[in-house]
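Q: Please see the structure below; I have some questions.
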Amino acid sequence: MAGIRPGAVVAAKAAVAAILALLLSQSRPTTGPRFKPTPQPRPLKDEVEELVRPWRQSKNEPPFTTQELIVIILVLNDLKPQYLSTIHDEILSVFPYYNRQALMAFVEWHDDQANPYFDWTTLTQVLPGLYEAARDFEHPLTCIRSFDPSDDINICENEYTVCAKAAHIYLRDKLERPRRGSFNFMDLPAELREKIYKMLLVYPKPGLTLAKRDRQPDEFKVRFGVWSRTDLEVPTYSEAQEVPENEFAVDSLTKLLAILSVSKQVRHEALPVFYGRNALNFGSLDVLARALGQISYGTAQQIQVLRVVVDRSDSKLVGSPLPALAKLRALEAPRKLILTLPRHSAFWRHFRSDDIENQALKPSELSRINDFRELSGIVSLAKRAKHVEFVGNGFLGDYIRQQTEQTKKAK
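Letter by letter, the sequence shown follows residues -32 to -1, 1 to 379 of mature numbering (1 follows the signal peptide of the UniProt record, and there is no 0).
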């Protein structure tokens, strides 16, 4: 028998392997990777139920904010409209920790009644911020009733709900895993950066408001608000023409414009978006001065749409200077200026002790208006604005129109 060369077996095995590989390759489809359908998302209620299940029997504090608890309760109740008091009760029922805290607060408050200096307002708030959430612009709560700025119904009398998509977005940090990765924001195209600025900084019409009587006044902070979460035009009023109170509160200017501190280029790009695309509404000259006191001349120059109620917070302040209004000179030619002239204003009461504005002022009284230093900046601004609109029939309207027309004739 002839001997077999050592390399022949190896060569034969290699040949067989090559043939098998060829046959297998011909039998496999060449259409690419197999299609794997995306799994259907779980119902939001199931996800939230799983999220809160460990805390239904726990005496420890749940890792949710008060605002998140409101959304959780609405989701667990199939997004049915609820009163805030009902939501409050549901939170105490679902989470033993808050139930216990509320019971302890009530017992402590009841025991304190034996103290001769007992204060009825000292009951500890177990869920601070619960009722404020109804007026927080960033919170997805939706009031069932239609919006009316003249309506002063207590928030406890309203029913609220939230849509499923908004609820999921608001709870995404609790329902989804943290997203990884980062990118250089300035590497994005300028057009895309501008869209992001608009998403962050542009608010619904008719803009941001500092009302004359804010719901939570703070003399040391400027916190704007909005009348609606949608582009809703505020109806005109037949008499006072005041800017209504804010329906929803937004963050302070410092937080609103936090993105400006990223870099000089971001500030240069984003500042005109905020001040140029938002109408700014002020309920009196005093709150306008308070806001201008927080910004620089260069920032004030960016304002394009301004609505001001030409009034003072008190008739005793009429004639006293408001130095911050000097920054109105920075507004070279704003696109639109709306001056609201209410009847029975503090300026009228300065001349007449009664509040009834039913007759014209005497010439001697009209001449004294020139002495009101707080009006000079408004008059000058009306002369420079590209479009001026007068709302209301207060007596100062005729004065400002007259001053504006005299300037036009002089030109």
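Ideal Cβ positions, reconstructed from N, Cα and C, are used throughout, including at glycine.
Under a Cβ-count criterion, where at least 16 other Cβ atoms within 10 Å of its own Cβ denotes burial, should Ile112 be classed as buried or exposed?
A: Ile112 is exposed by the Cβ-count criterion.
Q: Helix or strand or just coil, what does DSSP make of Asn126?
A: In the structure shown, Asn126 sits in coil (DSSP, three-state: anything other than H, G, I, E or B).
Q: Counting Cβ pairs closer than 8 Å, one from the stretch 237 to 255 and one from the stretch 165 to 179, do we hit at least three?
A: Touching, per the Cβ criterion.
Q: With 16 other CB atoms within 10 Å as the buried threshold, where does Glu159 fall?
A: It is exposed - the Cβ of Glu159 has fewer than 16 other Cβ atoms within 10 Å.
Q: Do you know how far the Cα of Leu221 is from the Cα of Ile368?
A: Those two C-alpha atoms are separated by around 31 Å.
Q: At a cut of 8 Å, does the stretch 303 to 320 reach the stretch 218 to 234 through at least three beta carbon pairs?
A: These segments do not touch.
Q: Do you know whose CA, among Tyr138, Ile227, Phe319, lies nearest Lys330's CA?
A: Comparing Cα positions, the closest option is Phe319.
Q: State the Cα-Cα distance for the pair Phe74 and Asp57, rounded to the nearest angstrom.
A: One C-alpha to the other measures close to 14 Å.
Q: With a cut-off of 8 Å, do at least 3 Cβ pairs link the stretch 28 to 47 to the stretch 127 to 144?
A: Yes, the stretch 28 to 47 is in contact with the stretch 127 to 144.
Q: Would you mind stating whether Thr129 and Pro22 have Cβ atoms separated by less than 8 Å?
A: Cβ distance not < 8 Å, so Thr129 and Pro22 don't count as in contact.
Q: Return helix, strand or coil for Lys142, following the three-state DSSP convention.
A: In this structure, Lys142 counts as helix in the three-state DSSP scheme.
Q: Below 8 Å between beta carbons: does that hold for Ala134 and Pro108?
A: The answer is yes: Cβ separation under 8 Å.
Q: Which whole-angstrom value is the C-beta distance of Leu309 and Gly365, which I expect to be below 8 Å?
A: Confirmed, about 4 Å.
Q: My output table needs one value for Asp219: the three-state DSSP class, helix, strand or coil.
A: The answer is strand: DSSP assigns Asp219 an E or B state.
Q: In the structure shown, what three-state DSSP assignment does Asn152 receive?
A: Residue state, collapsed to three classes: coil.
Q: From the DSSP output, which residues share a beta bridge with Glu249?
A: Just to set this straight, residue 249 is Asn in the shown sequence, not Glu. Note: Asn249 sits in a beta bridge opposite Thr177, Arg275.
Q: Roughly how many angstroms separate the alpha carbons of Glu76 and Glu100, rounded to a whole number?
A: Distance between the alpha carbons of Glu76 and Glu100: 24 Å.
Q: For Leu52, which of helix, strand or coil comes out of DSSP?
A: Residue state, collapsed to three classes: helix.
Q: Could you check if Val43 is buried or exposed, using at least 16 other CB atoms within 10 Å of its CB as the buried criterion?
A: Classification of Val43: buried, given that the 10 Å Cβ count is 16 or more.
Q: Just mark Ala(-31) as buried or exposed, buried being the case when its beta carbon has 16 or more other beta carbons within 10 Å.
A: Low confidence applies here, because Ala(-31) scores a pLDDT of 46, under 50, leaving its location unreliable and the question unanswered by this model.
Q: Tell me, which residues are paired with Arg191 by DSSP?
A: Its beta-bridge partners are Ser220.
Q: How would you call Ser261, buried or exposed, if buried means at least 16 neighbouring beta carbons within 10 angstroms?
A: For the record, residue 261 in the displayed sequence is Gly; it is not Ser. With fewer than 16 other Cβ atoms within 10 Å, it is exposed.
Q: Would you tell me roughly how many angstroms separate the C-alpha atoms of Pro96 and Leu52, rounded to the nearest one?
A: Taking the straight line from one Cα to the other gives about 13 Å.
Q: Is the CB-CB distance between residue 380 and Leu307 below 8 Å?
A: With the chain running from -32 to 379 in the structure shown, residue 380 is simply not present.
Q: Comparing C-alpha positions only, which one of Ile227, Ala102, Ile137 sits nearest to Met154?
A: Taking only the C-alpha atoms, the option nearest Met154 is Ile227.
Q: Does the stretch 236 to 246 come within contact of the stretch 277 to 284, defined as at least 3 CB pairs closer than 8 Å?
A: Judged by Cβ distances under 8 Å, the stretch 236 to 246 makes no contact with the stretch 277 to 284, as fewer than three pairs qualify.
Q: According to DSSP, simplified to helix, strand and coil, what is Val359?
A: In this structure, Val359 counts as strand in the three-state DSSP scheme.
Q: In whole angstroms, what separates the C-alpha of Gln93 from that of Asp282?
A: Whole-angstrom Cα-Cα distance: 35 Å.
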